[in-house]
Ligand code: TXA
Ligand code: MG
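Numbering (my numbering), first residue to last: 353 to 698.
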């Protein structure tokens, strides 16, 4: 298949959006930007189209897809019930990086929900995404547009790297804003529960809903995560990745020691530091993920830095830890997964 790339970095162009919408309406696959990561879109209400997503990504069929809508009114068709909590969250955070799990309606094929009776719904806050959703029929299933097991794409070139030749179209909308996937909150239990941390953090959800729980699997307990996708080892870089924890100073000293030792052993170490720490390190390939003064720069670059290391001949990576105030939980959740939970105390 020939993958067409459309350049919309300077904004939505209705003629292009209409062409992309037509591809979706005839059951094709279009990758598009959102504020979190790039999504791989297909008509969510067409089981055959949704099935193509699993095939293109190499995604296990029990890992459900998020349905993206552009307007609040659209939700009625895909859920069997709209709890008060959903209305309140939508008012506070939609359009935005929040996905809600709700009971599904008959209109949603089981292929889209990986066999579950619930459905994940999100209204992205991105001009191109919302225009495309409307042009494509209003209900676009979209997982992150990477092949299964690779970091989520935060720019169009990452999508092409993984899916060129396997999908109909890529819409290039430039680099994304947030860089980590949406927060997922399950509203089908008595207590709303976070299944995947993201930009909308627990504190923000609690300000709207009162008590919000966190899925036990996210707290390190050895139970099956409620979001099927969270059980897979995602984002594993080719090089072995270790996260070093401790005070800022301990971490820098320890990483520098580890990198020197790695060189002595004939390995090629890489280091994930920040604008504040990068000058400190004396050996290895040092990359700054962003600045601690603006934590969104850290979330935004996490996946691209992992991809960059995959293109190098680095064999081991030492990363600082980033327990930042707002997005720390989400950043560390993805980083720990990428590292297979290998943590070194500084
Ligand atoms: O930011 C995002 O959410 C991005 C952009 C493209 O919108 N999408 C995304 O989709 O991250 P994906 O497929 O990579 O992750 C969806 C996650 C998976 O962990 C999946 O298991 C979970 O959502 N999920 C989907 N439907 C669910 C359901 N009914 N119950 C529990 N978890 C669900
Ligand atoms: Mg994904």
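Backbone N, C-alpha and C fix where the C-beta goes; we use that ideal spot for every residue, glycine too. Computed from a predicted model, the values in this text were never measured in an experiment.
Inter-residue spacing [alpha-carbon to alpha-carbon] between residue i and residue j
{"i": "residue 672", "j": "residue 690", "result": "13 Å"}
{"i": "residue 468", "j": "residue 635", "result": "49 Å"}
{"i": "residue 613", "j": "residue 546", "result": "40 Å"}
{"i": "residue 558", "j": "residue 537", "result": "11 Å"}
{"i": "residue 642", "j": "residue 655", "result": "12 Å"}
{"i": "residue 698", "j": "residue 623", "result": "15 Å"}
{"i": "residue 431", "j": "residue 391", "result": "22 Å"}
{"i": "residue 442", "j": "residue 389", "result": "20 Å"}
{"i": "residue 569", "j": "residue 507", "result": "30 Å"}
{"i": "residue 326", "j": "residue 683", "result": "Only positions 353 to 698 of the chain appear in this structure, which leaves residue 326 out of reach."}
{"i": "residue 505", "j": "residue 541", "result": "31 Å"}
{"i": "residue 578", "j": "residue 413", "result": "16 Å"}
{"i": "residue 699", "j": "residue 385", "result": "Since the first residue of the chain shown is 353 and the last is 698, residue 699 is not available in this structure."}
{"i": "residue 399", "j": "residue 454", "result": "19 Å"}
{"i": "residue 365", "j": "residue 423", "result": "20 Å"}
{"i": "residue 472", "j": "residue 535", "result": "11 Å"}
{"i": "residue 481", "j": "residue 446", "result": "13 Å"}
{"i": "residue 498", "j": "residue 681", "result": "23 Å"}
{"i": "residue 631", "j": "residue 665", "result": "22 Å"}
{"i": "residue 438", "j": "residue 639", "result": "40 Å"}
{"i": "residue 502", "j": "residue 667", "result": "17 Å"}
{"i": "residue 434", "j": "residue 466", "result": "21 Å"}
{"i": "residue 584", "j": "residue 688", "result": "13 Å"}
{"i": "residue 405", "j": "residue 372", "result": "16 Å"}
{"i": "residue 653", "j": "residue 357", "result": "23 Å"}
{"i": "residue 474", "j": "residue 616", "result": "49 Å"}
Residue(s) in a DSSP beta bridge with residue i
{"i": "residue 496", "result": "391"}
{"i": "residue 595", "result": "671, 695"}
{"i": "residue 359", "result": "524"}
{"i": "residue 420", "result": "474, 492"}
{"i": "residue 621", "result": "668"}
{"i": "residue 538", "result": "453, 545"}
{"i": "residue 384", "result": "391"}
{"i": "residue 566", "result": "546"}
{"i": "residue 578", "result": "Answer is none; residue 578 lacks a bridge partner."}
{"i": "residue 431", "result": "456"}
{"i": "residue 640", "result": "625"}
Chain-order list of residues whose beta-carbon lies under 7 Å from that of residue i (same chain, five-residue window excluded)
{"i": "residue 387", "result": "449, 476, 477, 478, 528, 529, 530"}
{"i": "residue 678", "result": "553, 647"}
{"i": "residue 359", "result": "524"}
{"i": "residue 380", "result": "520"}
{"i": "residue 659", "result": "503, 510"}
{"i": "residue 518", "result": "353, 408"}
{"i": "residue 361", "result": "524, 525, 526"}
Own chain partners of residue i with C-beta closer than 6 Å, once the 5 adjacent residues on each side are dropped
{"i": "residue 493", "result": "394, 396, 402, 417, 419, 464"}
{"i": "residue 581", "result": "415"}
{"i": "residue 575", "result": "568, 569"}
{"i": "residue 603", "result": "596, 672, 698"}
{"i": "residue 409", "result": "499, 500"}
{"i": "residue 592", "result": "668"}
Contact test: residue i Cβ vs the ligand MG heavy atom, cutoff 7 Å
{"i": "residue 495", "result": "yes"}
{"i": "residue 413", "result": "no"}
{"i": "residue 393", "result": "no"}
{"i": "residue 533", "result": "yes"}
{"i": "residue 504", "result": "yes"}
{"i": "residue 501", "result": "no"}
{"i": "residue 581", "result": "yes"}
Closer than 7 Å: residue i CB and nearest the ligand TXA heavy atom
{"i": "residue 658", "result": "no"}
{"i": "residue 471", "result": "yes"}
{"i": "residue 432", "result": "no"}
{"i": "residue 476", "result": "yes"}
{"i": "residue 536", "result": "yes"}
{"i": "residue 539", "result": "no"}
{"i": "residue 545", "result": "no"}
{"i": "residue 382", "result": "no"}
{"i": "residue 511", "result": "no"}
{"i": "residue 652", "result": "no"}
{"i": "residue 683", "result": "no"}
{"i": "residue 453", "result": "yes"}
{"i": "residue 421", "result": "no"}
Cβ neighbours of residue i in the same chain (closer than 8 Å, five flanking residues each side left out)
{"i": "residue 376", "result": "382, 393, 394, 395, 401, 484, 487, 488, 489, 492"}
{"i": "residue 370", "result": "487"}
{"i": "residue 610", "result": "594, 596, 621, 670, 696"}
{"i": "residue 543", "result": "563, 564, 565"}
{"i": "residue 633", "result": "604, 607, 608, 611, 623, 625"}
{"i": "residue 619", "result": "667, 668"}
{"i": "residue 587", "result": "501, 502, 503, 504, 655, 658, 686, 689, 690"}
Residue i CB to nearest heavy atom of the ligand FMN below 7 Å
{"i": "residue 548", "result": "As for the ligand FMN, it is missing from this structure, which binds only the ligand TXA and the ligand MG."}
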